[in-house]
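Read top to bottom, the protein sequences are chains G and V. With our numbering, letter number 112 in the first sequence gets 112, and the count goes up by one each step, no holes. Plus 133 on top of the position in the second sequence (first one is 1) and you've got our numbering. Each residue gets a CB set at the ideal place from its N, CA and C atoms; glycine is no exception. As the structure is a computational prediction, the values presented were derived from the model and not from experiment. Okay, structure first, notes after.
Protein chains: 2
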Amino acid sequence: MKRAPQFKRTPQRLAILDYLEGNTSHPSAEDIFRTVSKKYQSMSFATVYNTLNTLAKSGTLRELTIDPERKRYDPDTSRHHHLICVLCGRIVDVPEGVTVDLPGAMAHDFTILGNHIEFYGNCPACKKKRKIP
Amino acid sequence: MKRAPQFKRTPQRLAILDYLEGNTSHPSAEDIFRTVSKKYQSMSFATVYNTLNTLAKSGTLRELTIDPERKRYDPDTSRHHHLICVLCGRIVDVPEGVTVDLPGAMAHDFTILGNHIEFYGNCPACKKKRKIP
DNA sequence: ATAAATGCAAAGCATTTGCAGTAAA
DNA sequence: TTTACTGCAAATGCTTTGCATTTAT
């Protein structure tokens, strides 16, 4: 059995973790790179991706597929859902409400490990801007 | 006001539509290209993508983002959800069961246009192969 | 000392685009 | 004959990888 590699607390990683801590904006790799590389002018994209992949594999970070253009990252690994504003692309957390299940027939054949609801809609800011009731 | 462009029924498009008709495998662009180009040796990837994008824009086709590696396409545009087997990647249709809503507080501020549930789990074939109960 | 991470540049894929030629309407 | 589509190849954009060097442990 191969032992899991050590996770080294490099300054770059700490800076990324610091940026993600409590962040509810669901940033893309580029968002993270742009912000963190301001403090860390030597930061490279490879490091951002390597770190994100490491964190995702260890379960510290959730990779979202809700944006068809790019991966988004969510430091909140608790069970919750998301809403994407179809006008501005903003992604908002949605607390887990009712429990959703597979229809009985399928529930018998499949094993469910988790689920994720994507809501599509308009956020308050866009409704205001576009005068949508 | 610019009039919507005509949709021309080219043999390539008809072949793609024919392949998608009733198809529940949620194929990627490459799946479609591979199959359709057998009949149509001149078929190009650009044509596949152009057609898929045209169909998606017209609402004839649904683009799925459930697979983080690539877009998948679903000719079934009725309201339903999906289950992805985390072992084999197969995507299976899930009929719409209970209605899911935003929590009351958010429901007041956001306008919801739709939702999509992604279930993650194991399909019967993989359960059998891996002896998962 | 050792194992792992960084940073760079190059490579890898999925997807898009420009354009000249071709075909549907 | 007009308008749109095809096919090619080149371009784009996100993400990954190889490797020499550096750093955390």
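**Asked** Tell me which same chain residues have a C-beta within less than 6 Å of the C-beta of Ile-224 of chain V, skipping the five on either side of it?
**Response** His-159, His-215, Ile-217
**Request:** Could you pull out every residue in the same chain whose Cβ sits closer than 8 Å to the Cβ of Ser-58 of chain G, ignoring the five residues on either side in sequence?
**Result:** Phe-7
**Assigned secondary structure, Asn-248 of chain V (DSSP; H/G/I helix, E/B strand, else coil)** = strand
**Message:** Across the segment 195-203 of chain V and the segment 149-158 of chain V, are there enough close Cβ pairs to call them in contact, namely three or more that are closer than 8 Å?
**Reply:** no
**Request:** Please report how far the alpha carbon of Phe-178 of chain V lies from the alpha carbon of Pro-138 of chain V, in whole angstroms.
**Result:** 22 Å
**Request:** With a threshold of 16 other CB atoms inside 10 Å of the CB of Asn-122 of chain G, please say whether the residue is buried or exposed.
**Result:** buried
**Asked** Where does Asp-109 of chain G land, buried or exposed, given buried means 16+ other C-beta within 10 angstroms?
**Response** exposed
**Inter-stretch contact at 8 Å, needing at least 3 Cβ pairs: the segment 35-50 of chain G / the segment 100-107 of chain G** = no
**Item:** DSSP state of Thr-217 of chain V mapped onto helix, strand, coil
**Value:** The question names Thr, but residue 217 of chain V is Ile in the sequence shown. Looking at Ile-217 of chain V - three-state DSSP - the assignment turns out to be strand.
**Item:** Limits of the unbroken beta strand (DSSP E) element including Arg-263 of chain V
**Value:** Premise fails: Arg-263 of chain V lies in the alpha helix (DSSP H), 257-263, not in any beta strand (DSSP E).
**Prompt:** For Pro-208 of chain V, which three-state DSSP category applies?
**Reply:** coil
**Prompt:** Does the distance from the CB of Tyr-86 of chain G to the CB of Tyr-49 of chain G come in under 7 Å?
**Reply:** In the sequence as presented, Tyr is not what sits at residue 86 of chain G; that position holds Val. No, the Cβ-Cβ distance between Val-86 of chain G and Tyr-49 of chain G is not below 7 Å.
**Prompt:** Is there a Cβ from chain G that is less than 7 Å from the Cβ of Val-182 of chain V?
**Reply:** Going by the sequence as given, residue 182 of chain V is Tyr instead of Val. Not one chain G Cβ lies under 7 Å of Tyr-182 of chain V.
**Asked** What does Val-48 of chain G pair with, by DSSP beta-bridge criteria?
**Response** According to DSSP, which records beta bridges pairwise, Val-48 of chain G is partnered with nothing at all.
**Message:** Taking beta-carbon pairs under 8 Å, can you tell me which members of the segment 95-120 of chain G lie near chain V?
**Reply:** Pro-95, Gly-97, Val-98, Val-100, Asp-101, Leu-102, Pro-103, Met-106, Asp-109, Phe-110, Thr-111, Ile-112, Leu-113, Gly-114, Asn-115, His-116, Ile-117, Glu-118, Phe-119, Tyr-120
**Prompt:** For chain V, is any of its Cβ atoms less than 7 Å away from the one on Thr-65 of chain G?
**Reply:** yes
**Prompt:** What is the DSSP secondary structure of Asn-228 of chain V, reduced to helix, strand or coil?
**Reply:** Residue identity check: residue 228 of chain V is Pro in the sequence provided, not Asn. Pro-228 of chain V: strand per DSSP, three-state reduction.
**Item:** Proximity test, Cβ basis, 7 Å: Asn-122 of chain G and chain V
**Value:** yes
**Request:** Hey, could you find the ends of the alpha helix (DSSP H) Arg-195 of chain V is sitting in?
**Result:** First-last for Arg-195 of chain V: 195-197, but that is the beta strand (DSSP E), not the alpha helix (DSSP H).
**Message:** Taking the alpha carbon of Gly-114 of chain G as the reference point, which residue from G:Arg-34, G:Val-94, G:His-80 has its own alpha carbon closest?
**Reply:** G:His-80
**Asked** Excluding five sequence neighbours on each side, which residues of the same chain lie with their C-beta closer than 7 Å to the C-beta of Glu-63 of chain G?
**Response** Ala-56, Lys-71, Tyr-73
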